[in-house]
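Line by line, the protein sequences give chains A and B. Just so we're aligned, residue 1136 is where the first sequence starts under my numbering, counting upward by one. Just so we're aligned, residue 16 is where the second sequence starts under my numbering, counting upward by one. Heads up, the beta-carbon is just placed ideally off N, CA and C, and yes, glycines get one too. Quick caveat, the model's predicted, so the values are computed rather than measured.
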Amino acid sequence: MNTLVPNEAELHAYVDGQLDPARLAQVESYLASNPEAQARVEEWRRGADALRVALMNMGPLPANPRLDPKYIRANLRSRFQRQLALCASLVLVLGLGGAGGWQARSMRVEATTPAPMQDAVEAHRIFATDRLRPVEMKASDGTDLQSWLSTRLGRPLALPDLNTYGFKLLGGRLLSTSDGCAALLLYEDTQGQRVSFYVRPSTRLDGVHGTRDELGLSTKYWFRNGYGFAVVGQKDDPHTQEVQQAIQSAI
Amino acid sequence: MQDLDDQALRELLPALRRFALWLSRDVNNADDLVQSCIERALTKGDSRRPEASLKSWLFTILYRQFIDGRRRASRFQRLMDVFRDEPELEPSAEETVMARSALESFGELSADQRALLLMITVEGFSYQEAAQALDIPIGTVMSRLSRARQAYRQLTEGETPTMPLRRVK
Chain A
1136 MNTLVPNEAE LHAYVDGQLD PARLAQVESY LASNPEAQAR VEEWRRGADA LRVALMNMGP
1196 LPANPRLDPK YIRANLRSRF QRQLALCASL VLVLGLGGAG GWQARSMRVE ATTPAPMQDA
1256 VEAHRIFATD RLRPVEMKAS DGTDLQSWLS TRLGRPLALP DLNTYGFKLL GGRLLSTSDG
1316 CAALLLYEDT QGQRVSFYVR PSTRLDGVHG TRDELGLSTK YWFRNGYGFA VVGQKDDPHT
1376 QEVQQAIQSA I
Chain B
16 MQDLDDQALR ELLPALRRFA LWLSRDVNNA DDLVQSCIER ALTKGDSRRP EASLKSWLFT
76 ILYRQFIDGR RRASRFQRLM DVFRDEPELE PSAEETVMAR SALESFGELS ADQRALLLMI
136 TVEGFSYQEA AQALDIPIGT VMSRLSRARQ AYRQLTEGET PTMPLRRVK
């Protein structure tokens, strides 16, 4: 008779009914002739039965409606929607914050750092269009005009001669800026076109210079020895560039 | 997500809750486990092996979550122990003395042993299914089963249940 001694795993499988049928008969006949092994297996079986009975006797747990799949599904759906809404509002908030911040940044940048010599452009806009009294002191006052402006400006100021470009000096005026006193010279050609030359103290680094066009005006500016200079004229006037060039090289 | 049948899930709820209860030994924690298990099953339907039965798949999920939760909780274990109430298992009136002691003994086994015994002897899992659910090799299932049965027998026989077993070699 073929009765290979079953190992422990097989004995467990026997108790749990997981032995394959061919082996089952062999193990049964082995157990029949081995009371010790039989007793062991019986003990396991009794334990398993006791546990089954005990757990079944506990009865069902009280019903819990929140565990119903339908309820959980609905819950998941609404949670998903809430998360979606949260995501959307987050995106919105970030977007608004970002846009607002960006706007605030550009507002601040504009407020703290206006374009260089922007005051020269503003001055030109106000006084170059003034046909009645564009200047405080006329060019005919000659050396008085020059010494007045030089004194108030704090530096000797030559009055550039632009006759070769067709521009005659109208005169000058003083303006106040946050950096100190500014001098404005206005020139006019025979067609009534005007260019202005503007000087004021500045804390900007020497050598900074540039040109910019806006609203039909062309502005050339540069900084030297603690002063800022700007020449503003009509952008479409071919002489403007020549005049700008001439004044910059003269100063 | 819709290919999971609500009715099939519903029918498995008692077994899942029993499993969760004996893992966590706390009614509320158990139902939390079951809830997150079903949530996961509903949202991660693709993680199911084609050959796995719904029941063994759900047990697998639930056991993983129990293990994850225990791992997470272990960091705060000391603090938790101060506040956590003793798990209350209201025994029903008609319970026999034998049943009581059987349950008490069962409760004193380790969580791993409880999980395995429950799956094999009560839920009728195959060793292979149990191995998958517990994520251990089948050899470990057999040795753990052996130890669990030995420990259970000693506990039900009242053999110094609180003393750790010492073997002199």
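Beta carbon of residue i nearer than 8 Å to that of residue j
i, j, result
"Trp1179 (chain A)", "Val1140 (chain A)", "no"
"Leu131 (chain B)", "Trp37 (chain B)", "no"
"Ala117 (chain B)", "Ala1189 (chain A)", "yes"
"Gly1307 (chain A)", "Leu1280 (chain A)", "yes"
"Ser1337 (chain A)", "Tyr1362 (chain A)", "yes"
"Leu1305 (chain A)", "Pro1269 (chain A)", "yes"
"Val137 (chain B)", "Arg1181 (chain A)", "no"
"Glu1145 (chain A)", "Leu1154 (chain A)", "yes"
"Gln1328 (chain A)", "Asp1276 (chain A)", "no"
"Ala163 (chain B)", "Leu124 (chain B)", "yes"
"Phe1332 (chain A)", "Pro1291 (chain A)", "no"
"Pro1204 (chain A)", "Asp21 (chain B)", "yes"
"Ala1185 (chain A)", "Thr171 (chain B)", "yes"
"Val1297 (chain A)", "Ala1258 (chain A)", "According to the sequence provided, residue 1297 (chain A) is Leu. The question's Val does not apply to it. Contact: no."
"Arg12 (chain B)", "Gly122 (chain B)", "One cannot answer for residue 12 (chain B) here, as it falls past the ends of chain B, which runs 16 to 184."
"Pro1156 (chain A)", "Pro29 (chain B)", "no"
Chain-ordered neighbours of residue i on chain B, where CB pairs are closer than 7 Å
i, result
"Glu1143 (chain A)", "Ser161"
"Arg1208 (chain A)", "Leu57"
"Leu1186 (chain A)", "Ala117, Phe121, Leu132, Thr136, Val137"
"Ala1250 (chain A)", "In chain order: nothing, as chain B lies at least about 57 Å away."
"Leu1190 (chain A)", "Arg33, Val137"
Residues near residue i in its chain [Cβ-Cβ closer than 6 Å; skip 5 each side]
i, result
"Val156 (chain B)", "Tyr142, Ala145, Ala146"
"Lys70 (chain B)", "Leu27"
"Glu1271 (chain A)", "Arg1308"
"Thr1346 (chain A)", "Lys1355"
"Pro1251 (chain A)", "Tyr1356"
"Pro179 (chain B)", "Confidence in Pro179 (chain B) is poor, its pLDDT being 45 and thus under 50, which makes the residue's placement unreliable; the coordinate value appears in the next sentence. Nothing listed; no residue qualifies."
"Val1343 (chain A)", "Phe1358"
"Leu1320 (chain A)", "Gly1307, Phe1332"
"Ser1313 (chain A)", "none"
"Cys1222 (chain A)", "none"
Within chain A, partners of residue i - CB distance below 8 Å
i, result
"Pro29 (chain B)", "Pro1195, Leu1196"
"Arg25 (chain B)", "Asp1203, Pro1204"
"Leu36 (chain B)", "Leu1196"
"Ser141 (chain B)", "Gln1153"
"Thr171 (chain B)", "Gly1182, Ala1185"
"Asp127 (chain B)", "Correct list: empty, because the minimum Cβ distance to chain A is about 16 Å."
Under 9 Å from the C-beta of residue i: neighbouring residues of chain A
i, result
"Tyr78 (chain B)", "Near Tyr78 (chain B) there are no residues of chain A at all, since even the closest Cβ is about 17 Å away, more than 9 Å."
"Arg188 (chain B)", "There is no way to answer for residue 188 (chain B), as the model of chain B reaches only from 16 to 184."
"Asp21 (chain B)", "Asp1203, Pro1204, Lys1205, Arg1208"
"Thr15 (chain B)", "The structure shown has nothing for residue 15 (chain B), since chain B only spans 16 to 184."
Chain B contact residues for residue i, given Cβ-Cβ distances below 8 Å
i, result
"Leu1211 (chain A)", "Glu54, Leu57, Thr58"
"Glu1177 (chain A)", "Ordered by position in chain B, no residue passes the 8 Å Cβ test against Glu1177 (chain A), which lies about 11 Å from the chain."
Residues near residue i in its chain [Cβ-Cβ closer than 7 Å; skip 5 each side]
i, result
"Val1330 (chain A)", "Phe1302, Tyr1322, Val1366, Val1367, Gly1368, Thr1375, Val1378"
"Leu31 (chain B)", "Val49, Cys52, Leu73, Leu77"
"Leu19 (chain B)", "Ala56, Leu57, Gly60"
"Val1162 (chain A)", "Pro1141, Glu1145, Tyr1149, Leu1154"
"Ala114 (chain B)", "The pLDDT assigned to Ala114 (chain B) is 49, lower than 50, so where the model puts this residue is not dependable; a value taken from the coordinates is nonetheless given after this. Taken in chain order, the list of residues that qualify is empty."
"Arg63 (chain B)", "Trp72"
"Ile1382 (chain A)", "Pro1295, Phe1332, Val1366"
"Trp1283 (chain A)", "Met1272"
7 Å Cβ cut-off: residues of chain A touching residue i
i, result
"Gln50 (chain B)", "Arg1201, Leu1202, Ile1207"
"Arg168 (chain B)", "Glu1178, Gly1182"
"Arg164 (chain B)", "Trp1179, Gly1182"
"Asp46 (chain B)", "Asn1199, Leu1202"
Own chain residues within Cβ distance below 8 Å of residue i, not counting five before or after
i, result
"Ala67 (chain B)", "Thr75, Glu144, Gln147"
"Arg168 (chain B)", "none"
"Arg85 (chain B)", "Ala126"
"Cys1316 (chain A)", "Arg1287, Leu1288, Gly1289, Leu1309, Leu1310, Arg1335, Pro1336"
"Leu1352 (chain A)", "Val1256, His1259, Arg1260, Val1367, Gly1368, Gln1369, Lys1370"
Interface residues of the segment 1224-1235 of chain A facing chain B [CB-CB below 7 Å]: none
Every unbroken alpha helix (DSSP H) within the segment 1359-1386 of chain A, with a cutoff of 4 residues, ordered by chain: 1373-1385
Give the list of continuous beta strand (DSSP E) stretches no shorter than 3 residues that lie fully inside the segment 1254-1340 of chain A. 1303-1312, 1315-1323, 1329-1336
Mind listing, in chain order, the continuous alpha helix (DSSP H) runs of no fewer than 4 residues lying wholly within the segment 1160-1220 of chain A? 1170-1192
Could you list the residues in the segment 1152-1169 of chain A with a C-beta less than 8 Å from some C-beta on chain B, going in chain order? Taking 8 Å as the upper bound on Cβ-Cβ separation, chain B lies near residues Gln1153 of the segment 1152-1169 of chain A.
In chain order, which alpha helix (DSSP H) runs of at least 4 residues are fully inside the segment 116-158 of chain B? 126-132, 142-149
Which residue spans inside the segment 26-82 of chain B form an unbroken beta strand (DSSP E) run of at least 3? none
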